[in-house]
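> Position 126 (the sequence shown) corresponds to 364 in the working numbering; numbering is contiguous.
The beta-carbon is built from N, C-alpha and C at its ideal position, and this holds for glycine as well.
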Amino acid sequence: MTHPFARLTAVLHLSASALLAGAVVATHAAPTDVQLAGQPAKAMQASSLMAPTQNIYGRNHVSLDGRWSYIIDPYENGYYDYRHTPFDQSESGKGGFYDDRKPKDRTEWVEYDFDRAPTLTVPGDWNSQAEKLQLYEGTVWLRQAFQADPKPGKHYALYFGAVNYEAHVYLNGKKLGMHKGGFTPFQFDVTDKLAKGRNVVVVKADNTRHQDEIPTVNTDWWNYGGITRDVLLAELPATYIADYKVQLAKGDAHRIEGFIQMAGDAKAQQVTVAIPEAGIRTTVRTDANGRAALNVPVDKLVYWSPEQPKLYTVELSGGGDKVVDRIGFRTIETRGRDILLNGKSVFLRGISLHEENPLIPGRPRGPGDMRMLLQWAKEMNCNYVRLAHYPHSEEMIRLADEMGLMVWAEVPVYWTISWTNPDTYANAHAQLTDLVTRDKNRASVVVWSVGNETPVSAPRNAFMGNLAKTAHALDDTRLVTAALEIHRKGSDITVEDPLADLLDLASFNEYAGWYWASNAEMLNYRFDVRYDKPVVISEFGAEALAGYHADADTRWSEEYQDTLYRNQFRMLSAIPGLRGMTPWVLVDFRSPRRQHPYFQDFWNRKGLISNGGQKKRAFWTLKQYYDDVQRRYEGQPAR
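Here is the structure:
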């Protein structure tokens, strides 16, 4: 089964990389060796990697989550032979741990054994589940056995929500393919590879940091390894709805615009899109490639907003397939220095957060963990969250849809990466494409961010500029931005970045009162934002150890953090066009960079909530500020 987007996506990735190479790296004459989701083209011949199916949870599927056996492999003995040649590239393709061999008798030599190996819970990172893996970076093999009963005339896909960072996947001893990128979904066509009865899937997960990857070696969050999101085996009809977009058109609250993409045996089909509650029903005919545009006038929709997060049941049917989704409809746009949600001026009352449960170590294990984080944001009267610094799970985005929180969604182009490497750009381009493709039907997502705190240079400008253009091309209905840096000279803070010309928001991080200046000095600073665009402060903050109390001049105290927030509000209110903020950060989170033995102990303490769930003083200060902002914006007429 060849996915209809496989060839198109490959061309997009190659074209984008070639654009970067032409602008910055003229010495790279060869085409970039990149295909779907970061997979090298040289491996595509034997790969079953396909673009993820839209709304995979809405398809017939079985979960492969649960206890997986694991083997720690720091020397990668299960992947390379003693000459450092991959076993799966040998003539036989055998020899690696993915063979899941058992000795035939007591004379046979086998140096691994999944049956006697310990187990890890999937989804879940390995760092928080085994003490000896807490700081481990490298390869871990994970194995799961499952039963299958494949039926004739059906397609089957093996889906992974995320594996950090590089995953090699094998089914019944045969390699399916490889995926790079620790936060985006991927899937393999296993239609002709499933056995009736027992099947074994083995994953080589490697969270090693590399300079040329996205993100690079230097970050400020924990490098959780493993299969961190769901694993599903999905059953699809002979002809099925592979992808769709059903959203309001750009700047038009009275027209739904999008597309339907069929895949499988007979791509030319009649497809019906219905929204029964809104009285909408339309039929389109897909072409020979399975594609049909969607353009439907609408009259009586209740528009999604934080105050009324209305979701409609949307039914798509055609070719013997039916998909049901829950979709909200809203417009988001800028006008001068204003942000308009459904035509009404809005202030983005936000907070930043990592995808980490501070109370139970590790990545969130399910919707309960995620709902807890978003509910804390709601309690602070947020209408907006910045999901930093990488794509959070699809489940998190769907919860934001349901709970009424606007979302800034970001890819991990973070700090200083290999700007002149075409493969690095292609990797970033793939992760951005996968993010937009996955979440394009989620009303909560109002901002695509192409990176965070990247220093200005000609190669960086070309790299990031092309990402911004890509985001706009993939989805013209949402805002595109990045968390920019500021420049200081004396008491003047300047926001001037060539990338901003391609962005919809003037967004930037600033740490007055913490990394520069003090609480006593920070009010002397003035901002010069040289863009007629809405200003959204993407980060500010200070570290405070919960329960540590002192005066407002004592670092690490709750009083220092609280005073800094109060001073920030005074300082930022002088900026014309201030339309939002996402202070750093909702909850204390783990970071290898934070090494103070008492105040940090490998935690970044800038959270407004501690790792024990204790709300610090600044939590209530920010809530009070947001309550005041909300009152100022209530009752404003639509524009």
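Straight-line CA distance for ASP789 to ALA758?
Locating residue 789 in the sequence shown gives position 551, counting from the first residue. Locating residue 758 in the sequence shown gives position 520, counting from the first residue. Each residue's Cα considered, the two are about 12 angstroms apart.
> From which residue to which residue does the alpha helix (DSSP H) around GLY194 run?
In the structure as shown, the chain begins at 239 and stops at 877. Residue 194 is therefore absent and cannot be evaluated.
> Does the distance from the CB of PHE398 to the CB of VAL469 come in under 8 angstroms?
In the sequence shown, the residue the question calls residue 398 occupies position 160. In the sequence shown, the residue the question calls residue 469 occupies position 231. The answer is yes: Cβ separation under 8 angstroms.
> ARG843 and TRP460 look like a contact to me (Cβ under 8 angstroms); what is the Cβ gap, rounded to whole Å?
Residue mapping note: residue 843 aligns to position 605 of the sequence shown, counting from 1. Residue mapping note: residue 460 aligns to position 222 of the sequence shown, counting from 1. That pair is no contact at about 14 angstroms.
> Expressed to the nearest angstrom, what Euclidean distance is found between the alpha-carbon atoms of LEU816 and ASP639?
Taking the sequence shown and counting its residues from 1, the one referred to as residue 816 is at position 578. Taking the sequence shown and counting its residues from 1, the one referred to as residue 639 is at position 401. So the two alpha carbons sit approximately 25 angstroms from each other.
> Which residue from ALA721, TYR786, LYS861 puts its Cα closest to that of TRP614?
Residue numbering aside, residue 614 sits at position 376 when the sequence shown is read from its first letter. Here the closest residue by C-alpha is LYS861.
> Is it true that the CB of SER811 sits closer than 8 angstroms to the CB of VAL774?
Your numbering for residue 774 matches position 536 in the sequence shown. Your numbering for residue 811 matches position 573 in the sequence shown. No. Outside cutoff.
> Would you report the Cα separation of GLN273 and ASP427, rounded to the nearest angstrom?
Against the sequence shown, residue 273 aligns to sequence position 35. Against the sequence shown, residue 427 aligns to sequence position 189. Residue confidence is low: GLN273 scores 31 on pLDDT, short of 50, so the model does not pin down where it sits. No coordinate-derived value is stated.
> When we look at the beta-carbon of LEU373 and count the other beta-carbons within 10 Å, is it buried (16 or more) or exposed?
To locate residue 373, count along the sequence shown from 1; it is residue 135. The residue in question, LEU373, is exposed, as its Cβ has fewer than 16 Cβ neighbours within 10 Å.
> Express the C-alpha separation of GLY316 and ALA666 in angstroms, rounding to a whole number.
Counting from 1 along the sequence shown, the entry for residue 666 is found at position 428. Counting from 1 along the sequence shown, the entry for residue 316 is found at position 78. If you take the alpha carbons of ALA666 and GLY316, they lie about 29 angstroms apart.
> What does a CB cutoff of less than 7 angstroms around ASP730 pick up in its chain, not counting 5 residues either side in sequence?
Here residue 730 refers to the residue found at position 492 when the sequence shown is read from its first residue. The answer, listed in chain order, is ARG764, ASP766.
> Return the CA-CA distance between VAL455 and VAL651, expressed in angstroms with no decimal places.
Taking the first residue of the sequence shown as position 1, residue 455 is located at position 217. Taking the first residue of the sequence shown as position 1, residue 651 is located at position 413. The straight-line gap from Cα to Cα measures roughly 12 angstroms.
> Exposed or buried, ILE847, counting other C-beta atoms within 10 Å across all chains shown (16 or more means buried)?
Here residue 847 refers to the residue found at position 609 of the sequence shown. Burial call: buried.
> Given a cut-off of 8 angstroms, decide if ALA480 and GLN499 are closer than it, judged by their beta-carbon atoms.
On the sequence shown, position 261 is the one that residue 499 refers to. On the sequence shown, position 242 is the one that residue 480 refers to. In contact: GLN499 and ALA480 (Cβ atoms closer than 8 angstroms).
> Could you tell me the distance, in whole angstroms, from the CA atom of LEU717 to the CA atom of LYS678?
To locate residue 717, count along the sequence shown from 1; it is residue 479. To locate residue 678, count along the sequence shown from 1; it is residue 440. LEU717 and LYS678: Cα-Cα distance of roughly 12 angstroms.
> Could you compute how far the alpha carbon of SER307 sits from the alpha carbon of GLY588?
Taking the sequence shown and counting its residues from 1, one reaches residue 307 at position 69. Taking the sequence shown and counting its residues from 1, one reaches residue 588 at position 350. Cα to Cα, the separation comes out at about 40 angstroms.
> Per the DSSP calculation, GLU473 is bridged to which residue(s)?
Residue mapping note: residue 473 aligns to position 235 of the sequence shown, counting from 1. Answer is ASN298, TYR394.
> Among residues of its own chain, excluding the 5 on either side of PHE857, which ones have a beta-carbon nearer than 8 angstroms to its beta-carbon?
The residue labelled residue 857 in the question sits at position 619 within the sequence shown. Excluding sequence neighbours, PHE857 sits near MET618, LEU846, ILE847.
> Between the Cα of GLY528 and the Cα atoms of GLU571, ALA711, SER756, THR477, which residue gives the shortest distance?
The count along the sequence shown starts at 1 and reaches residue 528 at position 290. Nearest of GLU571, ALA711, SER756, THR477 to GLY528, Cα basis: THR477.
> Taking only runs that begin and end inside the stretch 696-770, name each unbroken alpha helix (DSSP H) of 4 or more residues, in chain order.
Those alpha helix (DSSP H) runs which fall completely within the stretch 696-770 and span 4+ residues are 696-712.
> Out of ALA626, ARG870, ASP672, LEU737, state which residue places its alpha-carbon closest to the alpha-carbon of ALA696.
On the sequence shown, position 458 is the one that residue 696 refers to. If we check each option's Cα against that of ALA696, LEU737 comes out closest.
> For a quick check, are the C-beta atoms of ALA784 and LYS854 less than 8 angstroms apart?
Taking the sequence shown and counting its residues from 1, the one referred to as residue 784 is at position 546. Taking the sequence shown and counting its residues from 1, the one referred to as residue 854 is at position 616. Against a cut-off of 8 angstroms, the Cβ pair of LYS854 and ALA784 comes out as a contact.
> With distances taken Cα to Cα, identify the nearest neighbour of VAL509 among ARG680, LYS560, ILE494, ILE724.
Residue numbering aside, residue 509 sits at position 271 when the sequence shown is read from its first letter. Measuring from the Cα of VAL509, the nearest candidate turns out to be LYS560.
> Exposed or buried, TYR320, counting other C-beta atoms within 10 Å across all chains shown (16 or more means buried)?
Position 82 of the sequence shown, counted from the first residue, corresponds to residue 320. It counts as exposed.
> Taking the CB atoms as reference points, tell me whether ASN595 and PRO602 lie closer together than 8 angstroms.
Residue numbering aside, residue 595 sits at position 357 when the sequence shown is read from its first letter. Residue numbering aside, residue 602 sits at position 364 when the sequence shown is read from its first letter. Against a cut-off of 8 angstroms, the Cβ pair of PRO602 and ASN595 comes out as a contact.
> What are the boundary residues of the beta strand (DSSP E) that includes GLN546?
Along the sequence shown, read from residue 1 onward, the residue named residue 546 stands at position 308. Premise fails: GLN546 is in no beta strand (DSSP E) and is neither H nor E.
> Using the rule of at least 16 other Cβ atoms within 10 Å of the residue's Cβ for burial, across every protein chain shown, is GLN292 buried or exposed?
Along the sequence shown, read from residue 1 onward, the residue named residue 292 stands at position 54. Buried.
> In this structure, does DSSP put ALA812 in helix, strand or coil?
Against the sequence shown, residue 812 aligns to sequence position 574. Residue state, collapsed to three classes: coil.
> Say whether the stretch 417-426 touches the stretch 400-408, bearing in mind that this needs 3 or more beta-carbon pairs closer than 8 angstroms, one atom from each stretch.
Counting Cβ pairs under 8 angstroms, three or more are found: they touch.
> Just to confirm, is the Cβ distance from ASP337 to GLY415 under 8 angstroms?
Walking along the sequence shown from the start, residue 337 turns up at place 99. Walking along the sequence shown from the start, residue 415 turns up at place 177. Against a cut-off of 8 angstroms, the Cβ pair of GLY415 and ASP337 comes out as no contact.
> Using DSSP with H/G/I as helix, E/B as strand and the rest coil, what is ALA275?
Looking up residue 275 in the sequence shown gives position 37. Caution applies to ALA275, whose pLDDT of 30 falls short of 50 and renders its modelled position unreliable; the model cannot decide the point.
> What's the call for ASN704, buried or exposed, on a 16-neighbour Cβ count within 10 Å?
If you number the sequence shown from 1, residue 704 lands on position 466. Buried, since its Cβ has 16 or more Cβ neighbours within 10 Å.
> Rounded to the nearest angstrom, what separates GLN799 and PRO821 at their Cα positions?
Start at 1 with the first residue of the sequence shown, and residue 799 comes out as number 561. Start at 1 with the first residue of the sequence shown, and residue 821 comes out as number 583. Their backbone Cα atoms lie some 12 angstroms apart in a straight line.
> Just verifying my parser: in three-state terms, what is the DSSP assignment at HIS492?
Taking the sequence shown and counting its residues from 1, one reaches residue 492 at position 254. HIS492 falls in the strand class under three-state DSSP.
> Taking the alpha helix (DSSP H) that TRP858 belongs to, which residues open and close that run?
By 1-based counting over the sequence shown, the position of residue 858 is 620. Looking at the DSSP string, the run of the alpha helix (DSSP H) that includes TRP858 is 855-871.
> Quick one: what does DSSP say LEU597 is sitting in, helix, strand or coil?
Along the sequence shown, one-based indexing puts residue 597 at 359. Three-state result, LEU597: coil.
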